[in-house]
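With full-length UniProt numbering applied, the sequence shown covers 1 to 207. Built from N, CA and C at the ideal position, the CB exists for glycine as well. It should be emphasised that the depicted structure is a prediction, and the values quoted were computed from it without experimental measurement. Inspection log for the structure reproduced underneath, given as structure tokens.
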Amino acid sequence: MRSLLVIYNPATAKERKAATASKTHLPETVMRSCGYAVTTADTEESARKLVAEADAAILHLPIPEIGAWSAKLLQWKTIPLLWWCSETTATLSVEACEDRIMTDGVISSSMQPAEIHWSLHFGAKMCFERQQWQLERQQLLSKIEERKWIDIAKGILCEIKNISEAEAYDILRKQAMNERKRMVDVAASIVNVYNLLQEQKLGRTKR
């Protein structure tokens with residue numbers, strides 16, 4: 001991890017201007033002194049362009065703004081996100097101390113280079129674990145959704161053909177094999193056709 005992107009907002013940009021003379025506590029100054037290449041962005045447009053080359057993003061923002069920025073950045077690229085805790089961001093975040101935020105770590109100017117390196121290292125690990133968790137969650141939700149379609153289709157077959165669930169499952173499985181489709185696709189087709197027929201039947205009844 002060598003390249004970092006620091007995100008500012010109008011409030012922290014003022015802090016940046018005020019600190020321009022000394023530059024002591026600016027995130028980019030601190031991180032460059034630790035050997036990292038740093039770019040900065042204070043608009044969505046500039047961040048979108050610069051994040052492509054970044055290995056991690058440092059959010060110099062109040063906590064209430066982290067969620068929206070995190071969502072944007074992760075749409076463009078999956079990278080570790082770390083919060084820069086400064087006097088300004090801490091003060092602006094007092095009422096948000098109970099908020100749930102999506103970051104992979106915290107960095108401040110009071111940290112020594114070794115502490116910063118380790119924070120970034122663990123942030124990268126947290127980011128990877130978050131990716132894995134999200135992937136596993138998506139896979140689980142997908143399986144639940146597939147199971148729902150299959151169960152509904154089995155119920156329809158049981159009702160129409162007056163058969164058991166096991167027999168209905170066998171019909172779905174065999175039809176999927178014959179058509180070279182996934183069982184969930186066959187099940188969805190059965191459910192959709194059944195619902196369409198029910199709607200047509202209901203329409204004729206109303207007439």
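Three or more beta-carbon pairs separated by less than 8 Å link the stretch 122-133 to the stretch 96-107, which places the two stretches in contact. In the structure shown, G105 falls within a strand segment according to DSSP collapsed to helix, strand and coil. Secondary structure note for T91: its alpha helix (DSSP H) is the uninterrupted segment E87 to T91. Per DSSP, W69 has no beta-bridge partner at all. For the 9 Å CB-CB criterion, I163 and L172 do not form a contact. Here the C-alpha atom of E87 lies approximately 16 Å from the C-alpha atom of V6. For the pair V186 and L140, the Cα-to-Cα distance works out to about 20 Å.
C-alpha of Y8 to C-alpha of H60: approximately 5 Å in a straight line.
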